[in-house]
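Position in the sequence shown (from 1) plus 37 gives the number in the working numbering.
To keep things clear, I will list the structure first and then write my remarks on it.
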Amino acid sequence: MDQEELNRSIESLLEHVQKAPRYTGGEMNTAVKPWDSTPLRFAFCFPDTYEVGMSHLGMKIIYGAINNEPWSLCERVFMPWVDMVALMEKNRVPLFSLESRHALRDFDAVGFTLQYEMSYTNILAMLRLGGIPLESAQRGEEDPIVVAGGPCASNPEPLADFIDAFLMGDGEELNLEINRVILDRKEQGFSRQECLRRLAEIEGVYIPAFYTVTYHEDGTIQSFAPNIPEAKLPIKKRFVKDLDKAYFPVEIPVPYTEIIFDRMMLEIMRGCSRGCRFCQAGMIYRPNRERKLETVRRCADRMLENTGQDDILLSSLSSSDYSCIREIAEHISDTYSAKKVKLNVPSLRIDAFSLDLMAKVQDVRRGSLTFAPEAGSQRLRDVVNKGITEEEILGGAREAFRGGWSRVKLYFMLGLPTETEEDRRAISDLANRISAAYYEEVPKPRRNGRCRITVSTSFFVPKPFTPFQWAPMYRPGDYLGFAATVNHAIYASHNHRSIQYSWHDAEMIYLEGVLARGDRRAAALILEAYRRGARFDCWLETWDFARWEQAAANTGISMDFYALRQRGKEEI
Numbered sequence: 038m039d040q041e042e043l044n045r046s047i048e049s050l051l052e053h054v055q056k057a058p059r060y061t062g063g064e065m066n067t068a069v070k071p072w073d074s075t076p077l078r079f080a081f082c083f084p085d086t087y088e089v090g091m092s093h094l095g096m097k098i099i100y101g102a103i104n105n106e107p108w109s110l111c112e113r114v115f116m117p118w119v120d121m122v123a124l125m126e127k128n129r130v131p132l133f134s135l136e137s138r139h140a141l142r143d144f145d146a147v148g149f150t151l152q153y154e155m156s157y158t159n160i161l162a163m164l165r166l167g168g169i170p171l172e173s174a175q176r177g178e179e180d181p182i183v184v185a186g187g188p189c190a191s192n193p194e195p196l197a198d199f200i201d202a203f204l205m206g207d208g209e210e211l212n213l214e215i216n217r218v219i220l221d222r223k224e225q226g227f228s229r230q231e232c233l234r235r236l237a238e239i240e241g242v243y244i245p246a247f248y249t250v251t252y253h254e255d256g257t258i259q260s261f262a263p264n265i266p267e268a269k270l271p272i273k274k275r276f277v278k279d280l281d282k283a284y285f286p287v288e289i290p291v292p293y294t295e296i297i298f299d300r301m302m303l304e305i306m307r308g309c310s311r312g313c314r315f316c317q318a319g320m321i322y323r324p325n326r327e328r329k330l331e332t333v334r335r336c337a338d339r340m341l342e343n344t345g346q347d348d349i350l351l352s353s354l355s356s357s358d359y360s361c362i363r364e365i366a367e368h369i370s371d372t373y374s375a376k377k378v379k380l381n382v383p384s385l386r387i388d389a390f391s392l393d394l395m396a397k398v399q400d401v402r403r404g405s406l407t408f409a410p411e412a413g414s415q416r417l418r419d420v421v422n423k424g425i426t427e428e429e430i431l432g433g434a435r436e437a438f439r440g441g442w443s444r445v446k447l448y449f450m451l452g453l454p455t456e457t458e459e460d461r462r463a464i465s466d467l468a469n470r471i472s473a474a475y476y477e478e479v480p481k482p483r484r485n486g487r488c489r490i491t492v493s494t495s496f497f498v499p500k501p502f503t504p505f506q507w508a509p510m511y512r513p514g515d516y517l518g519f520a521a522t523v524n525h526a527i528y529a530s531h532n533h534r535s536i537q538y539s540w541h542d543a544e545m546i547y548l549e550g551v552l553a554r555g556d557r558r559a560a561a562l563i564l565e566a567y568r569r570g571a572r573f574d575c576w577l578e579t580w581d582f583a584r585w586e587q588a589a590a591n592t593g594i595s596m597d598f599y600a601l602r603q604r605g606k607e608e609i
C-alpha cells in the first residue's frame, strides 16, 4: 500500500485499541524531518511498549544525536501491544514509525536497543511486522541493515542469526559512524556484503557472520575465529571519553500519555566505581565519567524550559559518588522551587549526608526510602563486594526514622554464589532489626501508625563481564524454595506484622539466565519460542514458560546446559 493508504489504515485501527496515543506520534519536541530529502533514514526500535521505551534515556540520546545531523533522520518504532498486533496482521498493516508512519522496511537502517533479554522474541515480532526477513542470511540488497546495541549486546550470540551488526559500548559516536557507512552504500551502490565488511572495520562493531564457531563434543565452544581479514578479535567496546563534549538532548519528546517514568532524566555521570560483583552495568559502563557542574546546570535549565515538565531525575548508577551532587540538587531546588519542580536523586547511599540531601530537595517524607543490601548476612555482602555493613544499614535506617520516614523498601537477591540457608534467614533478621529500630527511635506519640518494611527478592542471574559470570544458577523450583525459606522466617519474626514480602517469577529469571550466557545456538530456541507465540515475555499477563519448554524440546536445546553449569575460567 502507498503512504496515503497506510495512513488511512492506521487511523482506522486506532479506534479499536487500548491507549491509542501509543501509536499517534506528534508529541511536542519530536523531530519530523523531510523524508524525501534526508539522505539517511534510521529507525530506532525499542522492543517493548511505548510506555516503557519512552522512559528510556538512551533512546532519547541516540534519537537526538542522529537527528542533530543534517544528513540523517531518526524515527521511533515501538512494539505494539497484542491488541494492535492482531489488528495489524488482520488488516495487513506493516509496523510503522511514529514520526512519518513509514513501514520499517522502508528505512536504510533499523536499530534495536537490547536492554533486557526477555525482549528478544519481540525483536523477531517487530522484524516480521515490519516486512524484514527474520534471519540476516535471508536479507537481500533491498532490505535495511539491522543493527543492535545496549547492555545485552555484551553477549550478542543468542541474536547472532537475526542481527547484521552489533554495536559495543556507548552509542553516541558509534551510531553516527555506522550510519555514514550505510549512507555511502546508498550513494555509491556497493553491495550489502561490502557494507558489512566496511562496518567490521569500525572499532566497536561486531558482525556475527564474519566469525566461525566450532564446538567440543560436550557442547562447550572449541573455537571462535574471524573468517575474513576485516573482522577484529577481540572486539573492543567504544566509550565516550568526555561527557561534556558528548551530545545530550535538551529538547526531548513529551508524551501525550502516561509512561513508566514520566519525568525528565538528566545523566550526571556514567559508569560506577563500586564494583559489585553481580552488577553488569557497573562493569560494562566503566570507566567512571562525570559531567561538569556547569554542564549539568545548563542542561537542566534548558530541559525544564523546553518541556514544561515539573519532575526531573538526576540519572547515574551511584549518585552519591557524583562530586557535585549537592550543588546541582540545590541549584534545581532553589531555582525552581516556585514552579514546584520535583527533583529525584536515585541510587544514593543511606547515610546522614544523603538523607539530609533528600529531605531538602524531595517531597519524600510521605513516600518510602529504598535500601539495597542485596544480601542478608555480612558474610555474603562481602562476597558480592556490596561495600556496606549492617551497622551502616541500621544507622541509616535510624537516621531516616528520626527524620520522619516510616516506610522502607529493602531489595535482596537469592541464589548468590556461596549462599547458604543461614544467609537467606538473615534477610528476615535484618528486616526485623530495621523494624525494631523504628519503634526504638520514634516515640509512640510521634508515630503515624506502624512502620512498613517491604522486602523484595529477585533471583541472581550471572551476567557476562561480571566476576560472577562463571557461576551456576538454580532450577526455578530451587529458587522458589529459597523464597519460601525467607517467607517463613519473616512470618516467624517478632515484627512480622510490619514486614511485607514479595519475590520475582522464578521461571522468568531462569530463562533470563539462559539467554544472558547463551551461545549462538540459542537463536534456534528464540526462533522456535517466537513461532510458538512467545511475545512480551517480561509481562506477566503474556508470559508462558511452557512455550519455551516446548521450544527447547523441539530444538533439542538443553536450557540447563546454559543456566546450571559451573563454567571453567578458561572456557570460551
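Where is the CB? At the ideal position from N, CA and C, for every residue including glycine.
This structure is a prediction, so every number in the text was calculated from the model and none was measured.
Item checked: Inter-residue Cα distance where the pair is E607 and M340 -> 48 Å
Checklist line | Meets three-Cβ-pair contact criterion under 8 Å: the segment 267 to 284 and the segment 53 to 67 | finding: No, the segment 267 to 284 is not in contact with the segment 53 to 67.
Notebook entry, point to check: Going straight from the alpha carbon of D466 to that of R138, what length do you get?
Noted result: 55 Å
Checklist line | Residues that S353 bridges to, as DSSP identifies them | finding: Looking at the DSSP assignment, S353 forms no beta bridge with any residue, so it has no partner.
Notebook entry, point to check: For E154 versus R229, is the C-beta distance shorter than 8 Å?
Noted result: no
Margin query: Going residue by residue through the segment 486 to 534, where are the continuous alpha helix (DSSP H) segments of at least 4 residues, counting only ones entirely within it?
Written below: 513 to 529
Checklist line | Within 8 Å, strictly: CB atoms of A474 and A434 | finding: yes
Note to self: Please classify F144 as buried or exposed, where buried requires at least 16 neighbouring CB atoms within 10 angstroms.
What the structure shows: Its Cβ being crowded by 16 or more others within 10 Å, F144 is buried.
Checklist line | Own chain, CB closer than 6 Å to F133, minus 5 neighbours either side, in chain order | finding: Leaving aside the five residues that flank F133 on each side, the residues in its chain whose CB is nearer than 6 Å to its CB run, in chain order, A140.
Checklist line | Residue interval of the alpha helix (DSSP H) (run including M163) | finding: Note, M163: alpha helix (DSSP H), 157 to 166.
Checklist line | contact_flag[the segment 263 to 276, the segment 310 to 320] where n(CB pairs < 8 Å) is 3 or more | finding: Not touching, per the Cβ criterion.
Notebook entry, point to check: What's the call for E120, buried or exposed, on a 16-neighbour Cβ count within 10 Å?
Noted result: Note on residue identity: the sequence assigns Asp, not Glu, to residue 120. Exposed, because fewer than 16 other Cβ atoms sit within 10 Å of the Cβ of D120.
Margin query: Buried or exposed, going by whether 16 or more other CB atoms sit within 10 Å of the CB of E194?
Written below: buried
Next item on the list: Would you mind listing the alpha helix (DSSP H) stretches within the segment 85 to 116 that are 4+ residues and don't spill past its ends, in chain order?
Entry: Every alpha helix (DSSP H) stretch that sits fully inside the segment 85 to 116 and reaches 4 residues is listed by chain position as 87 to 90, 94 to 104.
Next item on the list: Look up E304 in the DSSP assignment and say whether it is helix, strand or coil.
Entry: If DSSP states are grouped into helix, strand and coil, E304 belongs with the strands.
Check: In whole angstroms, what separates the C-alpha of C111 from that of C488?
Finding: If you draw a straight line from the Cα of C111 to the Cα of C488, it comes to about 49 Å.
Next item on the list: Determine the extent of the alpha helix (DSSP H) in which E136 is found, giving its start and end residues.
Entry: Premise fails: E136 is in no alpha helix (DSSP H) and is neither H nor E.
Check: Skipping 5 residues on each side, what residues in its chain have a beta carbon closer than 6 Å to that of S493?
Finding: Y448, S539
Next item on the list: With a 10 Å radius around its C-beta and 16 neighbouring C-beta atoms as the bar for buried, classify E477 as buried or exposed.
Entry: Around the CB of E477, fewer than 16 other CB atoms lie within 10 Å, so the residue is classed as exposed.
Item checked: C-alpha gap between V401 and M395, whole angstroms -> Low local confidence applies: a pLDDT of 41 at V401 is under 50, so the model's placement there is unreliable, with the coordinate-based value given in what follows. One C-alpha to the other measures close to 7 Å.
Note to self: Suppose you measure from the CA of R142 to the CA of M91; what does that come to, to the nearest Å?
What the structure shows: 22 Å
Margin query: Assuming contact is defined by CB atoms lying nearer than 8 Å, are A560 and L196 in contact in what I supplied?
Written below: Taking a C-beta distance under 8 Å as the contact criterion, A560 and L196 qualify as a contact pair.
Checklist line | Residue from K379, S191, I272 whose Cα sits closest to the Cα of P501 | finding: S191
Next item on the list: List in chain order: all unbroken beta strand (DSSP E) runs of 3+ residues lying wholly within the segment 269 to 339.
Entry: 301 to 304
Checklist line | Distance, H368 Cα to Y599 Cα | finding: 49 Å
Checklist line | Whole-angstrom distance between L211 and N104, CA atom to CA atom | finding: 14 Å
Note to self: Just to confirm, is the Cβ distance from R572 to T158 under 8 Å?
What the structure shows: yes
Notebook entry, point to check: Candidates D515, Q415, S46: which alpha carbon is nearest D460's?
Noted result: Among D515, Q415, S46, the Cα nearest to that of D460 is on Q415.
Notebook entry, point to check: So, helix, strand or coil for A246, using DSSP?
Noted result: helix
Checklist line | Residue interval of the alpha helix (DSSP H) (run including T372) | finding: That run of the alpha helix (DSSP H) goes 362 to 372.
Next item on the list: Return the chain-ordered list of same chain residues with a C-beta closer than 6 Å to the C-beta of A162, the five sequence neighbours on each side being excluded.
Entry: R572
Note to self: Let me check one thing: in DSSP terms, what residues is N128 bridge-paired to?
What the structure shows: N128 is not bridged to any residue.
Item checked: Burial state of R307, where buried means 16 or more other Cβ atoms lie within 10 Å -> buried
Check: Using DSSP with H/G/I as helix, E/B as strand and the rest coil, what is P195?
Finding: helix
Checklist line | Whole runs of the alpha helix (DSSP H) within the segment 204 to 255, excluding any shorter than 4 residues | finding: 209 to 225, 229 to 237
Margin query: What does the Cβ neighbour count give for Y252, buried or exposed, with the cut at 16 atoms within 10 Å?
Written below: exposed
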